[in-house]
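All remarks here apply to the structure that follows.
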Amino acid sequence: MPLVAAAVCPHPPLLIPEIAGAAASELDDLRTACDAAVARLLDSEARTVLVIGAGDRRADLDSPFRGSFAPWGVPLEVRLGDHPDGLVGTDHLPLSLLVGAWLLGRRPSARNRGMDWRMTTVGAADPVETCADLGARLGSDQPWALLVMGDGSACRGEKAPGYADPRAEAYDETVARALADADGDALLGLDPGLSTQLKVAGRAPWQVLAGAARAAGDRWRGELRYHAAPYGVGYLVANWERP
Numbered sequence: 670m671p672l673v674a675a676a677v678c679p680h681p682p683l684l685i686p687e688i689a690g691a692a693a694s695e696l697d698d699l700r701t702a703c704d705a706a707v708a709r710l711l712d713s714e715a716r717t718v719l720v721i722g723a724g725d726r727r728a729d730l731d732s733p734f735r736g737s738f739a740p741w742g743v744p745l746e747v748r749l750g751d752h753p754d755g756l757v758g759t760d761h762l763p764l765s766l767l768v769g770a771w772l773l774g775r776r777p778s779a780r781n782r783g784m785d786w787r788m789t790t791v792g793a794a795d796p797v798e799t800c801a802d803l804g805a806r807l808g809s810d811q812p813w814a815l816l817v818m819g820d821g822s823a824c825r826g827e828k829a830p831g832y833a834d835p836r837a838e839a840y841d842e843t844v845a846r847a848l849a850d851a852d853g854d855a856l857l858g859l860d861p862g863l864s865t866q867l868k869v870a871g872r873a874p875w876q877v878l879a880g881a882a883r884a885a886g887d888r889w890r891g892e893l894r895y896h897a898a899p900y901g902v903g904y905l906v907a908n909w910e911r912p
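In this note's numbering, the protein residues as written are 670 to 912.
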């Protein structure tokens, strides 16, 4: 079955209010945009949702999924999928998938019961062709959707994690236009070397999205919900749907 919908969200730990603490309100707009993007995704015809994020290597994780934000100072556990006693799944989710599971967990509904959840990592340094090929092979035997987790440049100012780089804003603008226009070719044109220099966490997952959308065929409609760099890191939120 083809891909029917996609959502793109970032994965900063400060997105979680318990971690942000008194500063939680500073990301209210980003949190609202992510919630809206995920809600739109779950309102699609998909019966399977696959969460894709960057990791050390390419891997399909075993369901059910569980992780904790304890490494970020808050013992908040996140679970996705059924966890009957004795069922072994995946523990210690990478940050990208951990935040993805947290976002999905904020949208409990009767419709989500029986939803098939999947999680996959793509190597953060994987070549463009590898990412696109992975996206083309991520199909399902039922209508499916993709939740794509990844941050933009971390070099948007002197207080940014990667300090200031004059190329960072233009890079994020390119990604924002590509997401708004559902332009997979533009995403596939992102340079892995430059992305690494700008400390971009989303390059590989975005290119997986481009490969999946291209394999699904038909035209896509994009909606950019958020594009800003509140802490010197580019955060982008978007939805892709078929017209």
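A virtual CB, placed ideally from N, CA and C, is assigned to each residue, including glycine.
(message) By the three-class DSSP mapping on this structure, what secondary structure does I721 have?
(response) strand
(message) To the nearest angstrom, how far is the alpha carbon of A745 from that of A693?
(response) Inspection of the sequence shows that residue 745 is occupied by Leu rather than by Ala. Spanning the two alpha carbons is a distance of roughly 16 Å.
(request) Taking 8 Å as the threshold, find out whether the segment 875 to 886 comes into contact with the segment 841 to 855 through three or more Cβ pairs. (result) yes
(message) One question on the structure: do G884 and G804 come within less than 9 Å of each other, judged by their Cβ atoms?
(response) It should be pointed out that residue 884 corresponds to Ala in this sequence rather than to Gly. Cβ distance < 9 Å, so A884 and G804 count as in contact.
(request) Taking L766 and V720 to be in contact with their CB atoms under 8 Å, please state how far apart those CB atoms are, rounded to whole angstroms. (result) 5 Å
(request) Work out the CA separation of D725 and A675 for me, nearest whole Å. (result) 23 Å
(message) Per DSSP, what are the beta-bridge partners of T790 in this structure?
(response) G722 and A728
(request) Let me know the secondary structure DSSP gives L785 once reduced to three states. (result) Note that residue 785 is Asp in the sequence shown, not Leu. The answer is strand: DSSP assigns D785 an E or B state.
(message) Just verifying my parser: in three-state terms, what is the DSSP assignment at R890?
(response) strand
(request) Can you say whether A779 is buried or exposed, counting buried as having 16 or more other CB atoms within 10 angstroms of its CB? (result) Low confidence applies to A779: its pLDDT is 45, below 50, so where it sits in the model is not reliable, and the reading given next is rough at best. A779 is exposed by the Cβ-count criterion.
(message) Under DSSP, the alpha helix (DSSP H) around R872 begins and ends at which residues?
(response) R872 to A885
(request) Could you tell me how far apart the beta carbons of L684 and V768 are, in whole angstroms, since I believe they sit closer than 8 Å? (result) 6 Å
(request) Could you tell me whether the Cβ atoms of V902 and Y895 are closer together than 9 Å? (result) no
(request) Assuming L711 and R776 form a contact by the criterion Cβ under 8 Å, report the distance between their Cβ atoms to the nearest whole angstrom. (result) 6 Å
(request) Take the Cβ of T701 as the centre, count every other Cβ of all protein chains shown within 10 Å, and call the residue buried at 16 or more, exposed below. (result) exposed
(request) Answer yes or no: do L857 and W909 have a C-beta to C-beta separation smaller than 9 Å? (result) no
(request) Taking the CB atoms as reference points, tell me whether V718 and A814 lie closer together than 9 Å. (result) yes
(request) Count the other CB atoms, across all protein chains shown, that sit within 10 Å of the CB of R787; report buried if there are 16 or more and exposed otherwise. (result) buried
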